[in-house]
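A.B. asks: Taken in sequence, the protein lines are chains W and R. For the first sequence, this note's numbering begins at 259 and goes up steadily by one. For the second sequence, this note's numbering begins at 539 and goes up steadily by one. Here's a structure for you.
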Amino acid sequence: MKNEIVKEKIGFGVLLAATLFIVIPVLLIIWLIISKGWSALSLEFLFTMPRNGMRAGGIFPAIVGTFYLVITSIAFSLPIGVAAAIYLSEYAKDNLLTRIINLAIINLAGVSSVVFGLFGLSLFVVFLKFGVSIISGALTLGIMALPVIITTAREALRAVPKSYREVSFSLGASRWQTIRHSVLPHALPGILTGAILSIGRVAGETAPILFTVAAFYLPQLPHSLRDQVMALPYHLYIMTTQIPGIPENYRYGTALVLVGLVLIMNVTAVVIRSKFRKKK
Amino acid sequence: MISKIKVRELTIHFGKFRALNNLSLDIHENEILSVIGPANSGKTSFLRALNRLNDFEPQMKMSGSIRLDDKDIQTDIEAEELRKRVGMIFALPIPLPLSIHDNITYGPRLAGIHDKRRLDRIVEESLKAAYLWDEVKERLRSSALKLSGGQQQRLCIARTLALKPEVILFDEPCSGLDPISTAKVEDSMMELRKSHTIVLVTNNTKQAARVGMRTAFFLTGELVEIDSTDRIFTAPSDSRTNDYIIGRFG
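Here is the structure:
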């Protein structure tokens with residue numbers, strides 16, 4: 259009996275150690291970028307154009323660029339993703355076409371991001387003649403985000419108990435009325451979780467924007483979706499590898515801003531989500 | 539006696555499983571018909587055929603006919619229209635995550651009624667008919683999820699009544715309720731009978747005996763017998779009915 263207790267304690271310890279092991283890198287990353295990047299943060303750094311070949315001044319255009327890219331790509335991929343998820347979960351029958359679609363979604367999730375970049379270049383930039391622009395980059399990022407959005411939205415819809423649908427049907431509601439008024443409100447928090455996950459991914463990706471939107475150095479703000487922009491992850495890459503003599507805290511400061519921006523957008527989405535949860 | 543619903547040679551399969559076999563019976567206007575039987579006897583499948591809720595089961599196949607006021611419910615009536623005329627109360631009370639008021643107006647609003655005063659009147663009438671008005675009239679705007687189980691089930695009854703159905707299907711409506719709540723639901727059933735046709739599926743034979751005017755006994759998807767409740771519970775013509783009622787199986 260005593261032996262069993264010891265065994266359980268050891269097992270528990272191993273599980274705890276594994277859990278702590280996940281936390282350590284997160285804390286280290288946060289500590290690293292804060293300790294090395296905090297000194298770079300200033301109003302000038304956040305809100306002015308880069309100067310002196312990016313060795314001085316701020317990163318304002320990259321912040322604005324990343325913000326634009328996230329908003330535009332989510333505005334594109336969230337409605338399409340949710341619509342597809344509704345179709346797959348509520349309307350599609352289990353047939354060959356549905357299976358092919360599901361297979362395609364899984365494979366889309368497995369495609370590496372640089373391939374998305376190349377695809378965006380050939381489809382949006384060249385073939386559709388959008389040029390290297392926000393719209394090309396956002397569409398590329400949006401397609402990359404679609405599998406996550408579709409999968410989480412579909413699971414959220416499927417998790418809505420059958421009884422809610424039946425109650426709605428039994429009150430004379432049509433299929434669409436049932437989805438609109440009984441199923442979607444329930445699934446919304448889960449759907450927003452998918453959107454939150456993709457915001458982080460979209461904001462942080464470098465490869466898909468490399469050929470489609472990102473500008474090396476563009477000390478001005480975009481005027482329309484057809485303009486190029488700087489973006490934080492690409493800016494970070496350039497500062498780290500392409501330009502000698504940049505103060506170290508500029509790089510870490512940029513990383514800190516990127517992480518912070520994602521955090522702010524996530525918190526906003528979480529607040530919206532909890533509003534919906536409370537409504538229940 | 540007028541037959542409200544005529545079921546003829548109804549057979550239902552779910553995939554390979556045969557839930558109902560060649561079932562024929564009539565449901566009279568303004569009666570409470572109790573349907574009793576052990577698990578897998580097909581009583582719930584029967585009930586869900588009456589408002590076409592079985593349609594959503596992907597593997598469902600059905601033959602035979604069900605006529606409501608002499609109109610075939612599969613071909614002559616739209617499913618949404620049918621479900622407004624044939625309401626349903628489920629085993630577990632499932633309030634939608636809305637206020638009491640909005641739960642009751644859910645059906646009418648989707649049916650296109652938006653006049654506020656008319657909706658308010660529907661809410662009051664329905665809640666009164668379900669014996670819930672006095673308990674909730676002060677908090678119609680608060681969440682329906684805050685009500686007790688028995689109140690929730692009466693709310694579900696009120697929600698169904700808001701559509702002014704002609705027939706109400708009760709699918710084991712008291713299985714999760716305590717005896718006092720059960721009595722209240724049964725009271726409202728007795729009251730509703732005056733202006734509605736009621737079909738009650740129940741696992742509780744005593745409940746069938748209390749409220750049913752006629753009782754049908756189902757076994758493995760077949761109708762064993764249907765007769766006045768008194769006869770079924772005192773002198774059934776089939777020995778299997780007697781065995782079930784006195785608790786020899788099921």
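Think of the CB as a built atom: it goes at the ideal place given N, C-alpha and C, for glycine as much as any other residue. On a predicted model such as this, the values are computed, not experimentally measured, just so you know.
Of the residues W:Lys265, W:Gly295, W:Val418, W:Gly452, which one's Cα is nearest the Cα of Ser440 of chain W?
C.D. replies: In the first sequence, the residue the question calls residue 440 of chain W occupies position 182. Selected option, being the one with the closest Cα: W:Val418.
A.B. asks: Closer than 6 Å by C-beta to Asn592 of chain R: which residues in its own chain qualify, once you throw out the five before and the five after it? Chain order, please.
C.D. replies: Residue 592 of chain R sits at position 54 when you count from the first residue of the second sequence. Arg586, Met598, listed in sequence order.
A.B. asks: Drop a sphere of 10 angstroms on the beta-carbon of Phe303 of chain W, count the other beta-carbons inside from all chains shown, and report buried for 16 or more, exposed for fewer.
C.D. replies: In the first sequence, residue 303 of chain W corresponds to position 45, counting from 1. Burial call: buried.
A.B. asks: For chain W, find out if any of its Cβ atoms is closer than 7 Å to the Cβ of Arg621 of chain R; answer yes or no.
C.D. replies: Position 83 of the second sequence holds residue 621 of chain R. So yes, Arg621 of chain R belongs to the interface.
A.B. asks: On the DSSP letters alone, give me the boundaries of the alpha helix (DSSP H) that Val322 of chain W sits inside.
C.D. replies: One-based indexing of the first sequence puts residue 322 of chain W at position 64. From DSSP, the alpha helix (DSSP H) with Val322 of chain W extends over 318 to 344.
A.B. asks: The alpha helix (DSSP H) that contains Arg433 of chain W, what's its start and end?
C.D. replies: Here residue 433 of chain W refers to the residue found at position 175 when the first sequence is read from its first residue. Looking at the DSSP string, the run of the alpha helix (DSSP H) that includes Arg433 of chain W is 433 to 436.
A.B. asks: Use the C-beta contact count for Met728 of chain R: other C-beta atoms within 10 angstroms, 16 or more gives buried, fewer gives exposed.
C.D. replies: Counting from 1 along the second sequence, the entry for residue 728 of chain R is found at position 190. Exposed, by the Cβ-count rule.
A.B. asks: Below 7 Å on C-beta distance, what does Asn589 of chain R contact in chain W?
C.D. replies: Taking the first residue of the second sequence as 1, we reach residue 589 of chain R at position 51. Chain W residues near Asn589 of chain R: Ser428.
A.B. asks: Which same chain residues end up closer than 8 Å to Gly311 of chain W when comparing Cβ atoms and leaving out the 5 residues on each side of it in sequence?
C.D. replies: As a working note, residue 311 of chain W is residue 53 in the first sequence. Same-chain partners within the cutoff: Tyr475, Ile501.
A.B. asks: Could you give the distance in angstroms between the alpha-carbon of Ala343 of chain W and the alpha-carbon of Ile407 of chain W?
C.D. replies: In the first sequence, the residue the question calls residue 343 of chain W occupies position 85. In the first sequence, the residue the question calls residue 407 of chain W occupies position 149. Between Ala343 of chain W and Ile407 of chain W, the C-alpha separation is close to 8 Å.
A.B. asks: Less than 7 Å separating the beta-carbons of Ala461 of chain W and Val328 of chain W?
C.D. replies: Residue 461 of chain W sits at position 203 when you count from the first residue of the first sequence. Residue 328 of chain W sits at position 70 when you count from the first residue of the first sequence. Yes; because the gap between Cβ atoms is below 7 Å, this pair is in contact.
A.B. asks: Is the Cβ of Met626 of chain R closer than 7 Å to any Cβ of chain W?
C.D. replies: The count along the second sequence starts at 1 and reaches residue 626 of chain R at position 88. For Met626 of chain R, the answer is yes, since a Cβ of chain W falls inside 7 Å of its Cβ.
A.B. asks: Please confirm whether Leu483 of chain W and Thr512 of chain W have their CB atoms less than 7 Å apart.
C.D. replies: Taking the first residue of the first sequence as position 1, residue 483 of chain W is located at position 225. Taking the first residue of the first sequence as position 1, residue 512 of chain W is located at position 254. No, the Cβ-Cβ distance between Leu483 of chain W and Thr512 of chain W is not below 7 Å.
A.B. asks: Where does Lys675 of chain R sit, in a helix, a strand or coil, going by DSSP?
C.D. replies: Within the second sequence, residue 675 of chain R is the residue found at index 137, counting from 1. Residue state, collapsed to three classes: coil.
A.B. asks: Should the stretch 657 to 674 of chain R be called in touch with the stretch 698 to 709 of chain R, which here means at least 3 C-beta pairs below 8 Å?
C.D. replies: Enough Cβ pairs lie closer than 8 Å, so yes.
A.B. asks: In or out: Asp849 of chain R buried (at least 16 other Cβ within 10 Å) or exposed?
C.D. replies: This structure cannot speak to residue 849 of chain R, because chain R is shown only from 539 to 788.
A.B. asks: In angstroms, rounded to a whole number, what distance separates the CA positions of Leu588 of chain R and Ile604 of chain R?
C.D. replies: On the second sequence, position 50 is the one that residue 588 of chain R refers to. On the second sequence, position 66 is the one that residue 604 of chain R refers to. In a straight line, the C-alpha of Leu588 of chain R is about 7 Å away from that of Ile604 of chain R.
A.B. asks: So, is the C-beta of Ser421 of chain W closer than 7 Å to a C-beta in chain R?
C.D. replies: Here the question's residue 421 of chain W lines up with position 163 in the first sequence. Yes - at least one Cβ of chain R is within 7 Å of the one on Ser421 of chain W.
A.B. asks: Under 7 Å Cβ-Cβ, which residues of chain R neighbour Ser482 of chain W?
C.D. replies: In the first sequence, the residue the question calls residue 482 of chain W occupies position 224. In chain order: nothing, as chain R lies at least about 41 Å away.
A.B. asks: Quick test of your reading: Ala683 of chain R and Pro633 of chain R, contact by CB under 8 Å. State the CB separation rounded to the nearest angstrom.
C.D. replies: What you label residue 683 of chain R is simply residue 145 of the second sequence in a count that begins at 1. What you label residue 633 of chain R is simply residue 95 of the second sequence in a count that begins at 1. Rather than Ala, the amino acid found at residue 683 of chain R in this sequence is Leu. Rounded, the Cβ-Cβ distance is 6 Å, consistent with contact.
A.B. asks: Could you list which residues in chain R have their beta carbon closer than 7 Å to that of Ser440 of chain W, in chain order?
C.D. replies: For the purposes of this step, residue 440 of chain W is taken as residue 182 along the first sequence, with counting starting at 1. Simply Leu634.
A.B. asks: CA-CA distance, Lys294 of chain W and His444 of chain W?
C.D. replies: For this step, residue 294 of chain W is matched to residue 36 along the first sequence. For this step, residue 444 of chain W is matched to residue 186 along the first sequence. Each residue's alpha carbon lies about 43 Å from the other.
A.B. asks: Using a Cβ-Cβ cutoff of less than 6 Å, which residues in the same chain neighbour Arg546 of chain R once the five nearest sequence positions on both sides are dropped?
C.D. replies: Locating residue 546 of chain R in the second sequence gives position 8, counting from the first residue. Answer for Arg546 of chain R: Ser562, Gly602, Ser603, listed in chain order.
A.B. asks: Looking at the secondary structure, which residues open and close the alpha helix (DSSP H) in which Ile718 of chain R lies?
C.D. replies: For the purposes of this step, residue 718 of chain R is taken as the residue at position 180 of the second sequence. Looking at the DSSP string, the run of the alpha helix (DSSP H) that includes Ile718 of chain R is 717 to 730.
A.B. asks: Identify the continuous beta strand (DSSP E) that holds Asp658 of chain R and give its terminal residues.
C.D. replies: Residue mapping note: residue 658 of chain R aligns to position 120 of the second sequence, counting from 1. Premise fails: Asp658 of chain R lies in the alpha helix (DSSP H), 654 to 667, not in any beta strand (DSSP E).
A.B. asks: With DSSP run on the structure shown, which of helix, strand or coil describes Val418 of chain W?
C.D. replies: Locating residue 418 of chain W in the first sequence gives position 160, where the first residue counts as 1. Correct three-state label for Val418 of chain W: coil.
A.B. asks: Can you give me, in chain order, the residues of the stretch 640 to 660 of chain R that have a beta carbon less than 7 Å from any beta carbon in chain W?
C.D. replies: Of all residues in the stretch 640 to 660 of chain R, Tyr644, Gly645, Leu648, Ala649 have a Cβ within less than 7 Å of some Cβ in chain W.
A.B. asks: Does the beta carbon of Glu676 of chain R sit closer than 7 Å to a beta carbon anywhere in chain W?
C.D. replies: The residue given as residue 676 of chain R occupies position 138 in the second sequence. No, Glu676 of chain R lies away from the interface with chain W (no Cβ there is under 7 Å from its Cβ).
A.B. asks: In the DSSP assignment, the alpha helix (DSSP H) including Ile540 of chain R goes from what residue to what residue?
C.D. replies: Along the second sequence, one-based indexing puts residue 540 of chain R at 2. Counting along the chain, Ile540 of chain R falls outside any alpha helix (DSSP H), and DSSP gives it neither H nor E.
A.B. asks: Gly688 of chain R to Phe628 of chain R, Cα distance in whole Å?
C.D. replies: For the purposes of this step, residue 688 of chain R is taken as the residue at position 150 of the second sequence. For the purposes of this step, residue 628 of chain R is taken as the residue at position 90 of the second sequence. Roughly 13 Å separates the two Cα atoms.
A.B. asks: Does the beta carbon of Ser432 of chain W come closer than 7 Å to any beta carbon on chain R?
C.D. replies: Here residue 432 of chain W corresponds to residue number 174 of the first sequence, with the count starting at 1. Yes, Ser432 of chain W counts as interfacial toward chain R.
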